[in-house]
Amino acid sequence: MALPFVLPAVSRGHAELTSAARRLGAEVAEAAAASLSALVGAEVSVAGRAVPGRAWPRPAVARIALDLPALPGTAILEVEPALVVRVVDRMAGGDGAPAPAASLTPVEVTALELLALAALDGACGVAELEERLSPRLARADAEPAGALAVELEVTAGPARGRARLLLPPAAVRALRGPAELDRQLPMPGSVRRGRAALTAAELDALEPGDVLVVDPPADGRDALVLPGGLRALGRIDGEGFHVEETEMAERHAQLPVTLEVELARVDVPLAEVARLEPGSVLALNLDRRGLVTLRLGERAIARGELVDVEGAVGVRILSLEVAP
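Under full-length UniProt numbering, the sequence shown has 245 at position 245, and the numbering climbs by one with no breaks.
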């Protein structure tokens, strides 16, 4: 889809990220840090930051593969060699400040695996992580496609360093958990009675005072129509709409609804619409930042911005509309 502006880049993994997944990630990081603290003999802290863009390969890092059999899939943990050397030195009774190192010795590689096992042991103490991913150490180290990159700041006593966790999109999706329905979005519904079929000429000729003859429904009942094809039949009186028959069974709660991405709105006279033909151009007042409105029917439910999700167009939610 060609657009007259450049879209910010977002990985497929980041496109799956939600606030629920962020909260779970923070809980997992805290649990992993507590387990590492017990092993290292010093207070360990782990702070993560999700990176929106693509995860580019990094040279000269120590890599640990994590099998995710609950998906299945594989995640990758990358650690600065210097951080591993500092932590190992600390565990051996040193001051945690040895000479910088660009690679690891076999002993340090083994120590890194031990540290990773300790971190996994603590992380899997979070029931949701164990249930949804079941991470285990693995040997494969192929970088997952479309991965979410989480930059990690690690502190172990006086030792400080960086690491990076690469999560496949399916893992991020699993971490979201079930949808939270406590704050349900109001569904725009319309109560309808009959139809009136007009030609374009008749519609154009309408004036105040004209009367349209409406064809009533065959059974004489009105209809409450909701997105997703949901309907309720009933009658209207002075108290409101009385439901007599409905198709809105519990299973309909899982039916998808169609959200429309509105780039711009334009007022076009009916006569001009009738003159539209291939090659015609409508002037649009597009927001140069790629800001859009998400609509459910005619109701604006969110504001967002267009992003490039590895060649596909996505919408990053900026705010939710709460006005009726």
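Don't be surprised by glycine CBs; every beta carbon is placed ideally from N, CA and C.
Distance between beta carbons of residue j and residue i, contact taken as under 8 Å
| i | j | result |
| --- | --- | --- |
| residue 326 | Ala50 | With the chain represented from 1 up to 324, any question about residue 326 goes unanswered, as that position is not in the structure. |
| Ala32 | Gly177 | About 19 Å; that fails the 8 Å criterion. |
| Pro188 | Glu321 | With a Cβ gap of about 12 Å, Pro188 and Glu321 do not count as contacting. |
| Leu71 | Ala171 | 6 Å |
| Gly157 | Arg90 | 6 Å |
| Glu305 | Arg289 | 6 Å |
| Gly238 | Arg221 | Their Cβ separation, rounded to whole angstroms, is 17 Å, which puts Gly238 and Arg221 out of contact at 8 Å. |
| Ala21 | Gly48 | With 8 Å as the limit, Ala21 and Gly48 do not qualify as a contact, their Cβ atoms being about 11 Å apart. |
| Val243 | Ala232 | 5 Å |
Coarse secondary structure for residue i, derived from DSSP in three states
| i | result |
| --- | --- |
| Ala129 | Reading the sequence as shown, one finds Leu at residue 129 and not Ala. The answer is helix: DSSP assigns Leu129 an H, G or I state. |
| Ala283 | coil |
| Thr18 | coil |
| Glu43 | coil |
| Thr74 | strand |
| Val214 | coil |
| Thr199 | coil |
| Asp121 | helix |
| Glu80 | coil |
| Arg251 | Low per-residue confidence applies at Arg251: pLDDT is 49, beneath 50, and the placement is therefore not dependable enough to give any value. |
| Val268 | coil |
| Ala138 | strand |
| Glu108 | helix |
| Ser103 | coil |
| Asp308 | strand |
| Arg275 | helix |
| Ser35 | helix |
| Gly161 | strand |
| Gly238 | coil |
Residue environment, residue i, which counts as buried when at least 16 other CB atoms sit within 10 Å
| i | result |
| --- | --- |
| Asp210 | exposed |
| Ala55 | buried |
| His14 | buried |
| Leu148 | buried |
| Ile76 | buried |
| Ser319 | exposed |
| Val266 | exposed |
| Glu250 | Caution is warranted here: a pLDDT of 47 is assigned to Glu250, below 50, making its placement in the model unreliable, and the coordinate value is therefore given only provisionally. Burial call: exposed. |
| Ile64 | buried |
| Leu83 | buried |
| Thr74 | buried |
| Arg132 | buried |
| Leu3 | exposed |
| Arg173 | buried |
| Val268 | exposed |
Residue i: CB within 6 Å of a non-hydrogen atom of the ligand SAH
| i | result |
| --- | --- |
| Asp287 | Only the bare structure without any ligand can be found here, which leaves the ligand SAH out of the picture. |
(request) Determine, using beta-carbon pairs with one atom in the segment 152-160 and one in the segment 189-203, whether at least three such pairs fall under 8 Å. (result) no
(request) Count the CB pairs spanning the segment 109-125 and the segment 10-25 that are closer than 8 Å, and state whether there are at least three. (result) no
(request) Taking 8 Å as the threshold, find out whether the segment 36-46 comes into contact with the segment 127-145 through three or more Cβ pairs. (result) Verdict: no, contact absent.
(request) State whether the segment 305-316 contacts the segment 272-283, with contact taken as three or more CB pairs (one from each stretch) at a distance under 8 Å. (result) With contact defined as three or more Cβ pairs closer than 8 Å, the segment 305-316 and the segment 272-283 are not in contact.
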